[in-house]
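> Below is one structure. I have some questions about it.
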Amino acid sequence: MPQLRSHGPPPELSLPSRSDLRDFSEGSTSEVSDSTPISADSFEHTPPSSSNSSTHSSPCISPAYCIHRILMEDEYKPVVQTQRRLNSNMQEVVKKEVLKLMDAVLIYPISDSSSVSPTQVVPKKGGMTVITNEKNELIPSRTVTGWRVCIDYRKLNDATKKDHYPLPFIDRMLERLAGQQFYCFLDGFSGYFQIPVAPEDQEKTTFTCPYGTYAYRRMPFGLCNAPATFQRFLVAIFQDMIESSMEVFMDDFLVYGS
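Under our numbering, think of the first position of the sequence shown as 5, with each following residue one higher.
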């Protein structure tokens, strides 16, 4: 298992104030629909909060075309969870992730959220290998290639109204591929982070870590309805190509032809 070196306690983060960072563009917040026209103008870049800032934002779908909402059940009561204990190596991983998300203007610090979820660091698993145990026996084991920062949104998801938008069947997609002369597999890049979270729902995405509490501007991983929002938007974009020359499953694209 790869080890992360610790160089003493991580330095304190120097972060802009919440008011400087919360510059979410105010626009229409209508949900995406199959009839919504999508064009290059649907993408926008959020400008840095100040002229002397070094931050740069990632591409963002205009809220007029697609936005993620977190609708709660009637009996929902916000839950504030405390941070989980992380060792020095994991704290370093979290610090790098927070700085990366801040630099991309994907999150902002928040101090008064009524809903807070904890952060957890889990290993990224690679392929299989064979190792020898204490009894000199050969056993299969997965290699660890790094660490991944996850937000435990389970309590938030339990109280969220579920979006039942269907995902396509993999076997049906492969059946349409059969007999095609040409095909290409494509993998989307940072797809979730291109969809904005509704301003009134952003504080529900708040997470806590050793460096403070932060909320997401863009749709994070771990929310129960995120796959449905993402799939619905992609189907709206490629509706005239799906089942004829393209298949879409989340951020995986299959393009084919004869």
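Backbone N, C-alpha and C fix where the C-beta goes; we use that ideal spot for every residue, glycine too.
Measure the alpha-carbon distance for LEU90 versus LYS81 and round it to whole angstroms.
Cα to Cα, LEU90 sits roughly 27 Å from LYS81.
> From what residue to what residue does the beta strand (DSSP E) around PRO4 run?
Since the displayed the chain opens at 5 and closes at 262, residue 4 lies outside it and no answer follows.
> State the beta-bridge partners of LYS128 as determined by DSSP.
For LYS128, which the question treats as bridged, DSSP gives the partners GLY150.
> Grouping DSSP H, G and I as helix and E and B as strand, with all else coil, what is PRO214?
PRO214 falls in the coil class under three-state DSSP.
> Cutting at 7 Å between CB atoms, please list the residues of its own chain near THR136, excluding the five before and the five after it.
Taken in chain order, the residues that qualify are LEU142.
> What does the alpha-carbon distance come out to for the pair SER119 and GLU251?
One C-alpha to the other measures close to 37 Å.
> Which residues in the same chain as GLN206 place their Cβ atom closer than 7 Å to its Cβ, once the five residues preceding and following it in sequence are excluded?
The answer, listed in chain order, is ALA219, TYR220 and ARG221.
> Which partner residues of GLY261 appear in the DSSP bridge assignment?
In the DSSP output, where bridge partners are listed per residue, GLY261 has PHE186.
> Could you check where the beta strand (DSSP E) with PRO113 kicks off and where it finishes?
Its beta strand (DSSP E) spans residues 111-113.
> What does the alpha-carbon distance come out to for the pair ILE74 and ASN161?
Distance between the alpha carbons of ILE74 and ASN161 is about 9 Å.
> Would you give the residue range spanned by the beta strand (DSSP E) that ILE65 belongs to?
63-65 is the span of the beta strand (DSSP E), which, as asked, contains ILE65.
> Should the stretch 91-100 be called in touch with the stretch 190-197, which here means at least 3 C-beta pairs below 8 Å?
They do not touch, by the three-pair rule.
> With a threshold of 16 other CB atoms inside 10 Å of the CB of VAL125, please say whether the residue is buried or exposed.
Counting Cβ neighbours within 10 Å, VAL125 comes out buried, since at least 16 surround it.
> By DSSP, does ALA219 sit in helix, in strand, or in coil?
Of the three classes helix, strand and coil, the one that applies to ALA219 here is strand, per DSSP.
> Assign MET106 to one of three DSSP states: helix, strand, or coil.
Helix, per DSSP.
> Can you have a look at MET94 and say buried or exposed, based on whether 16 or more other CB atoms are within 10 angstroms of its CB?
MET94 should be labelled buried.
> Using beta-carbon positions only, say whether PHE211 and THR217 come within less than 8 Å of one another.
Contact flag set, yes.
> Within 10 Å of its beta-carbon, does CYS188 have 16 or more other beta-carbons around it, so buried, or fewer, so exposed?
By the 10 Å Cβ count, CYS188 comes out exposed.
> Is ASP191 helix, strand or coil when you go by DSSP?
Three-state DSSP puts ASP191 in a strand.
> Taking its Cβ as the centre, do 16 or more other Cβ atoms sit within 10 Å of MET245, making it buried, or is it exposed?
Exposed is the call here.
> Output the distance between the C-alpha atoms of TYR169 and PHE237, rounded to the nearest integer angstrom.
Their Cα atoms are separated by approximately 11 Å.
> If I follow the unbroken alpha helix (DSSP H) through PHE253, where does it start and stop?
Premise fails: PHE253 lies in the beta strand (DSSP E), 250-253, not in any alpha helix (DSSP H).
> Are the beta-carbon atoms of TYR196 and PHE257 separated by less than 8 Å?
Contact: no.
> Excluding sequence positions up to five away, which residues of its chain have a Cβ less than 7 Å from the Cβ of PRO144?
Closer than 7 Å at Cβ, skipping near neighbours: MET132 and VAL134.
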